[in-house]
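Here is the structure we will look at, set down as structure tokens.
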Amino acid sequence: MPTTDFVAAQKVNRRNTLILLAVLTVLAALFGYLIGWVVQSEAGDQVAPISSFGVAAAGALALLSIGWSGLSLAFGSRMVNAMSEAREITKDDAPQLFNVVEEMSIAAGVPMPKVRIMETDALNAFATGTSTSNASIAVTRGLLNQLNRDELQGVVAHEMAHIANLDTRYMTVVVVTVGLIALIADITLRSMAWGRFGGSRGSSSDRRGGGNAILIIVLLVVAIVAPLAARAVQMAVSRQREYLADATSVQFTRNPNGLISALAKLTAAAAPFPGVSRATQHLFIVNPIQTFTARSSALMATHPDTADRIARLRNLGG
Amino acid sequence: MSLWIVVGIVVLIVLWLIMTYNGLVGSRTQAQAAWSQIDVQLKRRHDLIPNLVQVVKDAMGYEQETLTKVIQARNSAVAASAAGPAQAAPAEAALSQATRGLFALVESYPQLKANDNVKQLQEELTGTENKIAFARQFYNDSVASYNVRRQSFPAVLAAPSLGFGPMELFNMPEAEREVPKVALR
């Protein structure tokens, strides 16, 4: 798909993200419905296709998801910055970085975000913030030392794109929904193991016959598959946002070469990133935990393969 | 019955007018904000250049032809800026050209390249040059989408009577694309 039109590329990416978010929400609601259905049939009612318990559980799960997302949006950025030890700086600490961030905020037409530095030799960067007016961009000391101005501009533009596209908000909601599905699946499986659901206690399930047993098996399968599927969807969203941010970055700088050569340097750099958490890995410009091989474009990667990202950037006219 | 149909149609038209108006105001405001950003950055460049020229002059010990040219270009850009950025565009383009000559001069003198004050001012000036370019880029993008919006159907029916005229792109003519020559004496 050799396209030089980054506006069209963004449109496609936005649509894909919407589809993925819809799939996640439907998955969570279906799961809740299934649990409610099983609980109701356990309680001795007829197994009805429209279960009132099921509808209630689906609604409750949706509400819980919204509330949890709200809390994460309110406190998430602060936690991530604290966890990554990203210290806020002023212009005197790093004038060039500060200028580059200001340039990119002008190019993106968003307010100047806070600038932060992480004191490590690893090469990486991330953005946080739930709106364009309370955002911040953090880069590592290693990145600052080893990238030239054009490369730094490419990386900062990529992070500014995450801010302008509101990726951090999207990703927070996705992460929370996935976490919720995993939690509910876990509770369901444990309940089954303890025999609260299901046919392990002979006589009671015999009375209701085979329909219920099939339902229990379906629930078991869903409880195992749903968290995996949700996680795969989360990673797919994450990869889509990375492609979109790369395309938007070029829209801002009109210079794909800066980001291309920065990505090459970031991938080649061997310096480890001590103390980085698996919980925040999806935020960074390149994944701080795994090193990249062709296999990383597999289902469970937070980031697309860097070689693939570079190839797409070259298609944008590099 | 027919009265209600008429009322309904009137309400729909009013709602559509409100939405069209708000949409146009939003994108016009964005373009105007971008415009003032260009202005801010141009002024900042006018303030920075005398400092850099002074520092370079001190480091070299004598006034060089490139420096005089930069100062001349800067002064005529300041004079032209009273009329607003659009009228000043040619003067600003000439100043960009002269600034590139100054950077090339710095590059060719190791003693200048190593000077901390020069380095710092050069970074500031590079940053400001970039900000001007990016502000112009964002302004032109905003104006382009505003113009598309006011010319699209059905907004085109209402835009002129609501007072939304066309906006102009801001083009800085690139005088010559050639690499500036530096005279080393």
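Top line first, the protein sequences correspond to chains P and D. Residue numbers for the first sequence follow my numbering, so the first one is 1 and each next one is one higher. Residue numbers for the second sequence follow my numbering, so the first one is 1001 and each next one is one higher. Backbone N, C-alpha and C fix where the C-beta goes; we use that ideal spot for every residue, glycine too. Quick caveat: nothing in here was measured; it's all calculated off a predicted structure.
List the residues of chain D whose Cβ lies closer than 8 Å to the Cβ of residue i, in chain order.
i                 : result
Gln-96 of chain P : Glu-1123 and Gly-1127
Verify whether the separation of the beta carbon atoms of residue i and residue j is less than 9 Å.
i                   : j                   : result
Glu-151 of chain P  : Gly-258 of chain P  : yes
Leu-166 of chain P  : Leu-266 of chain P  : no
Val-233 of chain P  : Leu-24 of chain P   : yes
Ala-1091 of chain D : Ala-1073 of chain D : yes
Met-192 of chain P  : Ile-214 of chain P  : no
Arg-78 of chain P   : Ile-117 of chain P  : no
Val-39 of chain P   : Ala-57 of chain P   : yes
Arg-190 of chain P  : Asp-246 of chain P  : no
Ile-184 of chain P  : Phe-1138 of chain D : no
Val-155 of chain P  : Ile-285 of chain P  : yes
Leu-1048 of chain D : Val-1056 of chain D : no
Val-218 of chain P  : Leu-34 of chain P   : yes
Trp-1016 of chain D : Pro-1160 of chain D : no
Leu-228 of chain P  : Ala-28 of chain P   : no
Glu-1102 of chain D : Val-1148 of chain D : What sits at residue 1102 of chain D in the sequence shown is Leu, not Glu. Going by C-beta atoms, Leu-1102 of chain D is not nearer than 9 Å to Val-1148 of chain D.
Glu-88 of chain P   : Glu-119 of chain P  : no
Leu-1042 of chain D : Ser-1081 of chain D : yes
Are any of the Cβ atoms in chain P nearer than 9 Å to that of residue i?
i                   : result
Asn-1115 of chain D : no
Asn-1147 of chain D : no
Ser-1036 of chain D : no
Gln-1030 of chain D : yes
Ala-1093 of chain D : no
Lys-1057 of chain D : no
Gln-1041 of chain D : yes
Ser-1096 of chain D : no
Ala-1144 of chain D : no
Asn-1171 of chain D : no
Ala-1159 of chain D : no
Ala-1033 of chain D : yes
Please classify residue i as buried or exposed, where buried requires at least 16 neighbouring CB atoms within 10 angstroms.
i                   : result
Met-1167 of chain D : buried
Ser-238 of chain P  : buried
Leu-63 of chain P   : exposed
Trp-1004 of chain D : exposed
Arg-295 of chain P  : Residue confidence is low: Arg-295 of chain P scores 47 on pLDDT, short of 50, so the model does not pin down where it sits. No coordinate-derived value is stated.
Thr-188 of chain P  : buried
Asp-92 of chain P   : exposed
Met-83 of chain P   : exposed
Asn-1022 of chain D : exposed
Ala-161 of chain P  : buried
Ala-1135 of chain D : buried
Phe-75 of chain P   : exposed
Val-276 of chain P  : buried
Gln-1064 of chain D : buried
Ala-60 of chain P   : exposed
Pro-274 of chain P  : exposed
Ile-70 of chain P   : Reading off the sequence, residue 70 of chain P comes out as Gly, not Ile. Gly-70 of chain P comes out exposed.
Arg-207 of chain P  : Reliability of the predicted coordinates at Arg-207 of chain P is poor, the pLDDT of 47 falling under 50, and the value obtained from them is presented with this limitation in mind. Flag for Arg-207 of chain P reads exposed.
For residue i, return the contacting residues in chain P, with the cut-off set at a CB-CB distance below 7 Å.
i                   : result
Asn-1130 of chain D : Glu-103
So residue i contacts chain D; which residues on that side make the cut at Cβ distance below 9 Å?
i                 : result
Asn-99 of chain P : Glu-1123, Glu-1124, Thr-1126, Gly-1127, Thr-1128, Asn-1130 and Lys-1131
Got a sec: is the Cβ-Cβ distance from residue i to anything in chain D below 9 Å?
i                  : result
Gly-154 of chain P : no
Arg-149 of chain P : yes
Phe-252 of chain P : yes
Ala-307 of chain P : no
In chain D, which residues lie with their C-beta within 7 Å of the C-beta of residue i?
i                  : result
Ala-107 of chain P : Phe-1134, Gln-1137 and Phe-1138
Comparing the C-beta of residue i with each C-beta of chain A, is any distance below 9 Å?
i                   : result
Ala-1104 of chain D : As a matter of chain content, chain A is missing from the structure shown, whose protein chains are P and D.
Roughly how far, in whole angstroms, is the beta-carbon of residue i from the beta-carbon of residue j, given that I think they are within contact range, below 8 Å?
i                   : j                   : result
Leu-1105 of chain D : Asn-1051 of chain D : About 16 Å separates the two Cβ atoms, so there is no contact after all.
Ala-122 of chain P  : Pro-288 of chain P  : 7 Å
Val-980 of chain D  : Ala-1031 of chain D : Outside the shown range of chain D (1001 to 1185) lies residue 980 of chain D, about which nothing can therefore be said.
Ala-230 of chain P  : Ala-182 of chain P  : 7 Å
Arg-169 of chain P  : Thr-130 of chain P  : 5 Å
Val-55 of chain P   : Gly-67 of chain P   : Between Gly-67 of chain P and Val-55 of chain P the Cβ distance is about 19 Å, and since that is not below 8 Å, they are no contact.
Gly-263 of chain P  : Arg-309 of chain P  : Checking the sequence, you will find Leu at residue 263 of chain P rather than Gly. Yes, Leu-263 of chain P and Arg-309 of chain P are in contact; Cβ-Cβ is about 6 Å, under 8 Å.
Arg-1044 of chain D : Thr-1128 of chain D : 5 Å
Thr-172 of chain P  : Leu-73 of chain P   : 6 Å
Ala-157 of chain P  : Val-139 of chain P  : Actually they are not in contact, since the Cβ atoms of Ala-157 of chain P and Val-139 of chain P sit about 12 Å apart, beyond 8 Å.
What in chain P is Cβ-close to residue i, meaning under 9 Å?
i                   : result
Gln-1120 of chain D : Pro-95
Check whether the Cβ of residue i lies closer than 8 Å to any heavy atom of the ligand FAD, and answer yes or no.
i                   : result
Asn-1022 of chain D : For the structure depicted, the ligand FAD is absent and the ligand set is empty, with no information on it obtainable.
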